[in-house]
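Working notes, beginning with the structure itself.
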Amino acid sequence: MEFSDTIDSTCQAKMSSNGELVAGMEGQLLVIRNTQTAEDVQAFQIELPVRELKWSPDSELVMCINVKSMTIDVRSVSDPEWKCTISEGYNHICDAVWGPDSRCIVSISKADLRGTVWSLVSMDAICEIPCPRHGAKGISFRSDGSYAAVASRKSGRDLVTIYDTVSWKGTASFDPLTKDLAGLSWSPDGHCLAVWDSRMEYFLGLFTANGILLNRYTAYRNALGVVAVEWSALGEMIAVASCDGFVRILATATWRVLCEFEHTEKVVNTVTFKEAFIYVDEGDPRIGYNASDGVNVIALRDEQNKNKRTSTVVREITKLEWNSKGTYMACVDSTYPNVVQIWDIRGRQQAAVIVQRSPIADLKWDVSGDRLGLCTANSYLYSWRPEGASCISLPLDDFSCRRLDFSWNGDCIMLQDRNMYTLGYDITASG
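Per this note's numbering, residue 2 is the first one in the sequence shown, and the count goes up by one each step.
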C-alpha cells in the first residue's frame, strides 16, 4: 500500500462527498487537494482559527466555521472569485449544516437559541427555526432532500417540526413522545422518521412525515436506556444499542426484534484476533494478529485490565457501524474500548472479535462493505475481512492514525493524526 507525504492541517481535514477532493487548513490557507494525486487544486485565504470544515453535498462548496469570530466562510472550488460570509452579530454561530440542495446553510446560534436558514443564491436569511436542540445533530434531512426534521424544546416539552426544504415552511409539528429527546434520523428510503429518548429512558418512536406514530419500541423500563440508533444502509433494519450491553435489530417490515446481540465478558466459540508482537527468526518483532481456532473462551475483562488508561462509569456502545450491504455490524463497548465485536446479521451470530492493545480510535467500513478499517492512535492501520484480519505499518515519521475515511469508490483512504493527514491507495490489494 502506498501513502502520500503527510500534509499539515490545523483542523480535521474533510473528504468531499464524491471522494475526489479533500479540504484542509494549511496555515492560513484553505487548501483543496485531489485525492488521487494529493496535488493542490485551489487555495483560499481564510480568517483563523477555523474549527471545522464541511463540504456541500454536491462537492462544489466548502464552509469554514470560525470559532473566534463566530462566522461562516463559504468558498467555491469551481469559482475561486466567489465567496460568502455568514454572521449573526451578537447571536454567535456555534454550528451549521448544509441544506440538501447545496445552496443553503442552516446555522445554529450559541446555546441553541435559534437556527437560521441562509440562501447562498439571494445571500439572505430565509427562515428562522426557534429553539433547536443538539445543534446540527438535531436536524435530519430525508434522503430525497424534500424534508428536514428539526428537534426543538419549548416550555419543557420536546417537539419535532417538519420543514419543506424548498420553501422552508413548516408542514407539520408533533410531540415525539420523548421525555428528553436525544436524536432523530430519517430512514434511508424516507418512509419514516426514527426518534429516540436519552439514556434515562428506553424509547424509540417511528413517525410519518406528518407526525403519525407508526410504531413505538421499548425493550425494558426503569433502567438506563438507549445510547445509539443506526439504520442499515437500505433501511430494512434499524439497530438500537442500550446501556444493558445489548444491540437489538428491528426489522422495519414488522417492527419486531429480528435478533439481539449481547456484549458479554467472555467470547465463546468465535474466531478471535489478538494484536501481538510476532517474532520471525532473529529479526525485530513486528505487530500482527494471533488468531484463535474459534473453539475457546476469552475473558475480555482480563484483556481490559492490561490497559490502565481506560475506565467507564456508564456502559454504552461507543461505536456502531453497519456495512453497506447490511450484512455485518461492528461495535465497540465502553467497557472494553480496545475490543471490536463484529456481528453476522444474516447468520444472527458473532462473526469475529478483534482485541487490540490500545482503545479503538476510529473504525469505518469501505464502500464495498467487505472490509472494516480501524485505528488505535498508533503507526498502524488495521483491517478485517471475512477471510481474516491484517495490519499495515505506516511508513510515516511521527504519525499516529486517529481517524480514517474511505472514498466513495474505495480507491483512496484518508488517515488523520491531530494536525496532519495522509492519503493511502490500493488498500484492497493490500489485504
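Just so you know, even glycine gets a beta-carbon here, dropped at the ideal spot from N, CA and C.
| query | result |
| --- | --- |
| Under the three-state DSSP convention, the category D345 falls into | strand |
| Range covered by the beta strand (DSSP E) that runs through D165 | R158 to D165 |
| Residue nearest to G20 in terms of C-alpha spacing, selected from D59, Y329, I250 and P189 | D59 |
| Terminal residues of the beta strand (DSSP E) in which A353 lies | Q350 to V356 |
| N- and C-terminal bounds of the beta strand (DSSP E) containing F262 | R257 to E263 |
| Reference G25; option with closest CA among Q37, R52 and F4 | R52 |
| Buried versus exposed call for K15 [16 or more other C-beta atoms within 10 Å across all chains shown] | buried |
| Coil, strand or helix - K111 by DSSP | helix |
| Close beta carbons around N291, own chain, < 7 angstroms, minus the five adjacent residues each side | K275 and A277 |
| Minimum C-alpha distance to T255 - residue among T271, R217, Y422 and L225 | R217 |
| Through-space distance from K111 to Q351, alpha-carbon basis | 43 angstroms |
| Runs of beta strand (DSSP E) wholly within the segment 195-266 (minimum 3 residues, chain order) | 205-208, 214-218, 227-232, 238-243, 247-252 and 257-263 |
| Cβ neighbours of E3 in the same chain (closer than 8 angstroms, five flanking residues each side left out) | G425, Y426 and D427 |
| Where A277 sits in the DSSP three-state scheme | strand |
| CB of W344 within 9 angstroms of CB of A234, strictly | no |
| From T423, R104 and I73, residue whose alpha carbon lies closest to that of N92 | I73 |
| Residues near T265 by beta carbon distance below 6 angstroms, same chain, minus five either side | none |
| C-alpha distance - S17 paired with E129, whole-angstrom precision | 28 angstroms |
| Per-residue burial, M421 [other beta carbons within 10 Å of its own, 16 or more giving buried] | buried |
| For L30, the three-state DSSP class (helix, strand or coil) | strand |
| Residue span of the beta strand (DSSP E) that contains G20, given as start and end | First-last for G20: undefined, no H or E at that position. |
| Those runs of the beta strand (DSSP E) which lie wholly inside the segment 66-115 and span at least 3 residues | 72-77, 84-87, 94-99 and 105-110 |
| Nearest-angstrom beta carbon gap, C413 and T36 [assumed within contact, 8 angstroms] | 5 angstroms |
| The segment 322-337 in contact with the segment 364-378 per 3-pair CB rule at 8 angstroms | yes |
| For F4, three-class secondary structure by DSSP | strand |
| Residue environment, M71, which counts as buried when at least 16 other CB atoms sit within 10 Å | buried |
| Y148 vs G212 beta-carbon contact at 9 angstroms | no |
| Rounded C-alpha distance that separates R222 from S243 | 12 angstroms |
| Pick from I318, P50 and I140 that is closest to R249, judged by C-alpha positions | I318 |
| DSSP-derived helix/strand/coil call for K138 | helix |
| 7 angstroms Cβ shell around A220 - same chain, five flanking residues per side excluded | Y203, S243 and R249 |
| Three-state secondary structure (DSSP) of M415 | strand |
| According to DSSP, residues forming a beta bridge with D41 | R34 |
| Classification of E388 by the beta-carbon crowding that lies within 10 angstroms, buried from 16 upward | exposed |
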